[in-house]
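Here the structure comes first, spelled out in structure tokens, and everything after it is commentary.
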Amino acid sequence: MFIVLKRVIKFGLVRAWRNRMVSVATIAVLVLTIIVIVGLLFFNVLTDVVAKELQGKVDISAYFNIEISEESILKVKQELVGRDEVTGVEYISREKALESFREINKDNDVIKKSLDVLEENPLEASLNIKVANASQYAGIVSFLESGSFSGLIDKINFRQKESVIMKMDNITRSVKRGGIILSFMLVFVAILVTFNTIRLTMHTAKEEIGIMRLVGASDWFIRAPFIVEGIVYGAISAIFALGIIYPLIWIISPSLESFLPGINLLDYLQKNLFTLLVIQFSIGILLGVVSSLVAIRKYLKV
Amino acid sequence: MLARLALLGKIGMIKFENISKIYPPDSIALDDVSFTVAKNEFCSVVGRSGAGKSTLLKMLIREENPTSGKIFIDDIEVTNLSRKELPFLRRKIGAVFQDFKLLPHKTVYENIAFSMEVIGIDEEIIEADVPQILALVGLAKKVNLFPHQLSGGEKQRVGFARALVYRPEILIADEPTGNLDLLNALDVIRLLLKINELGTTVILATHDKTVVDNLQKRVVTLNDGKVIRDVKQGKYIL
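Each protein sequence line maps, in turn, to chains A and B.
Counting in the working numbering, the first sequence runs from 633 upward without gaps.
Counting in the working numbering, the second sequence runs from -10 upward without gaps.
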């Protein structure tokens, strides 16, 4: 068994080396495919981060009637926190609201004076609510408006913000969906091109495979060297692809960070280097081996 | 499975039983051919080009299948072997092909070593036997060349070396002298006779009158796909 393994590995390596012009072409196509797939992976990570970033900037506030006690408001807060879609609830008491209102308008004398004239704090306490996905705001609003809390709440600023929230939700959704569709299309094309290149490579093996059968080689003894060849192509391609992707990201990462703060691609790459390598090797080797096997299948008839 | 076990033992007798081959739609290559080749016999199959000689030989290693009829090697029904069993049959039969069938991306040495490697023969034995057989066919200096760097006659000799190196019990040779001048052709024939003397059944397909007449061995003559003559010590007569 060991001797057979040794032989087929040797055959595969020798074949790849003797066909090196063809091997170079195959590896080039594989490298491109891997770069396309990994590039799309990064693109999807990027759109995810951007979408999250944007959604994090959106929130709605529910204002409670002045006479409502803090205790009741905190009860509502508890209820909200208990819901799955809610990612954050911040309680802003009347005093705090006034404080920040004063802070914001500290240069406006009219407002300052007006506030001083008032004996009582005119501002309402509120809850700032954030959810995971902008489309879930409507649900929260109707929960607050229809439930037992409806009497407590004066107004919710969702209606004013609704169109903006919905628009943003739509945009992030379409970007994501478009990204996924585009990814699938590109990946499909890339795989097709790779498969065809390898099929052409293997066409030169048609005669060889027939002869091997005729001198008594079993199917696996013939196939195995091609599998080895596919593994070699895949592994070399994965390494080359990383050799291109890493410097590329190293170059574009700073400029990307300057207009999309909070996104550090290089950092992401370095943290996920091992996973990325595994993905690249898997893509390369899987494509190389499967295409080889499919390509030589029909030559094995003799 | 039984056939595979049988193929591990010694074989030698070949029996063609009512073999017909019709290429669609109606081109008849062989028409009800029956004859037996005894173990250790030397049998020439002669006839014009297109008489069906090559087809008959190809059927023996199942490169082609008959339209009807059966082929036996001893008790093994060759025509009934499964795909998986074919390698075991082919390892028992050395074949010299009209078009050489050398592996284009392998050197002379590797081409010959390959037919031993498929059987799983140890590296030391291969390293000892291959140079020996190459010296025998006069190619000792060409071990590291590729087939495209050889002349027709040299390729033919590589084919011979490959067919002989694993000491097959049956040797089939399809027009082995077709590309050779007379002297080389006679060398090849001497080699075939030698192999036969050492205990190998030989079937030779040829249309070379000089070769056949020199052999003084059994001659089966095919014409239009039929056996028209079968003589113990025959000559080439059409």
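Quick reminder that beta carbons are idealized off the backbone N, C-alpha and C, glycines included.
Asked: Closest by C-alpha distance to valine 656 of chain A, when choosing among A:Asn896, A:Leu880, A:Pro886, A:Ile868; Found: A:Ile868
Asked: Cα-Cα separation, phenylalanine 24 of chain B to valine 821 of chain A; Found: 58 Å
Asked: Chain B contacts from the segment 845 to 859 of chain A (Cβ-Cβ distance under 7 Å); Found: Leu846, Val847, Gly848, Ala849, Ser850, Phe853
Asked: Own chain partners of threonine 96 of chain B with C-beta closer than 8 Å, once the 5 adjacent residues on each side are dropped; Found: Val132, Asn133, Leu134, Phe135
Asked: Beta-carbon neighbours of valine 864 of chain A, restricted to chain B and to distances below 8 Å; Found: Within 8 Å Cβ-Cβ: nothing; valine 864 of chain A doesn't reach chain B, min ~15 Å.
Asked: C-alpha gap between serine 806 of chain A and glycine 671 of chain A, whole angstroms; Found: 19 Å
Asked: Beta carbon proximity, valine 107 of chain B to chain A, threshold 8 Å; Found: yes
Asked: Proline 726 of chain A versus threonine 679 of chain A - alpha carbon distance; Found: Sequence check: residue 726 of chain A is arginine here, not proline. Distance between the alpha carbons of arginine 726 of chain A and threonine 679 of chain A is about 38 Å.
Asked: Closest by C-alpha distance to isoleucine 877 of chain A, when choosing among A:Asp851, A:Gly894, A:Ile666; Found: A:Ile666
Asked: Chain B within 8 Å of arginine 809 of chain A, Cβ atoms only; Found: no
Asked: Stretch-stretch touch, CB-based, cutoff 8 Å, three pairs: the segment 44 to 63 of chain B with the segment 2 to 9 of chain B; Found: yes
Asked: Any 3 or more C-beta pairs closer than 8 Å across the segment 733 to 746 of chain A and the segment 688 to 703 of chain A; Found: no
Asked: DSSP three-state assignment for valine 663 of chain A, whether helix, strand or coil; Found: helix
Asked: Listed by chain order, chain B residues near valine 934 of chain A by CB distance under 8 Å; Found: Glu52
Asked: For lysine 799 of chain A, three-class secondary structure by DSSP; Found: helix
Asked: Extent of the continuous beta strand (DSSP E) to which valine 34 of chain B belongs; Found: 31 to 35
Asked: Distance CB(valine 201 of chain B)-CB(tyrosine 225 of chain B) smaller than 8 Å; Found: yes
Asked: Cut-off 6 Å between Cβ atoms - residues of its own chain near valine 67 of chain B, not counting five sequence neighbours on either side; Found: Ile60
Asked: 8 Å Cβ cutoff, arginine 218 of chain B in contact with chain A; Found: no
Asked: Distance, leucine 908 of chain A Cα to valine 721 of chain A Cα; Found: 36 Å
Asked: Inter-residue spacing [alpha-carbon to alpha-carbon] between alanine 18 of chain B and valine 208 of chain B; Found: 19 Å
Asked: N-terminal and C-terminal residue of the alpha helix (DSSP H) that phenylalanine 775 of chain A is part of; Found: 769 to 778
Asked: Where the segment 826 to 839 of chain A meets chain B: residues whose CB sits under 9 Å from a CB there; Found: Thr836, Ala837, Glu839
Asked: Nearest neighbour of lysine 930 of chain A, chosen from A:Ser914, A:Glu861, A:Gly842 [CA to CA]; Found: A:Gly842
Asked: Delimiting residues of the alpha helix (DSSP H) encompassing tyrosine 931 of chain A; Found: Here tyrosine 931 of chain A belongs to no alpha helix (DSSP H), and DSSP marks it neither H nor E.
Asked: Pairwise C-alpha distance: lysine 130 of chain B and glycine 39 of chain B; Found: 37 Å
Asked: Beta-bridge pairing of threonine 210 of chain B - partner residues as DSSP gives them; Found: B:Val35, B:Arg218
Asked: Interface partners of valine 636 of chain A on chain B, CB under 8 Å; Found: Gly109
Asked: Distance between beta carbons of phenylalanine 827 of chain A and serine 923 of chain A, contact taken as under 8 Å; Found: 5 Å
Asked: Partner residues on chain A for proline 76 of chain B, Cβ-Cβ distance less than 7 Å; Found: Gly848, Ala849, Ser850
Asked: Below-8 Å beta-carbon distance, isoleucine 667 of chain A vs any chain B residue; Found: no
Asked: Contact with chain A by phenylalanine 149 of chain B, beta-carbon distance below 8 Å; Found: no
Asked: Nonlocal neighbours in the same chain, by C-beta distance under 7 Å from leucine 686 of chain A, ignoring five residues either side; Found: Met800, Thr804
Asked: Run of the beta strand (DSSP E) containing lysine 762 of chain A, from where it starts to where it stops; Found: 758 to 763
Asked: Three-state secondary structure assigned by DSSP to valine 147 of chain B; Found: helix
Asked: Closer than 8 Å to chain B by CB, isoleucine 589 of chain A; Found: What the structure shows of chain A is the stretch from 633 to 934, and residue 589 of chain A is not part of that stretch, so it cannot be assessed.
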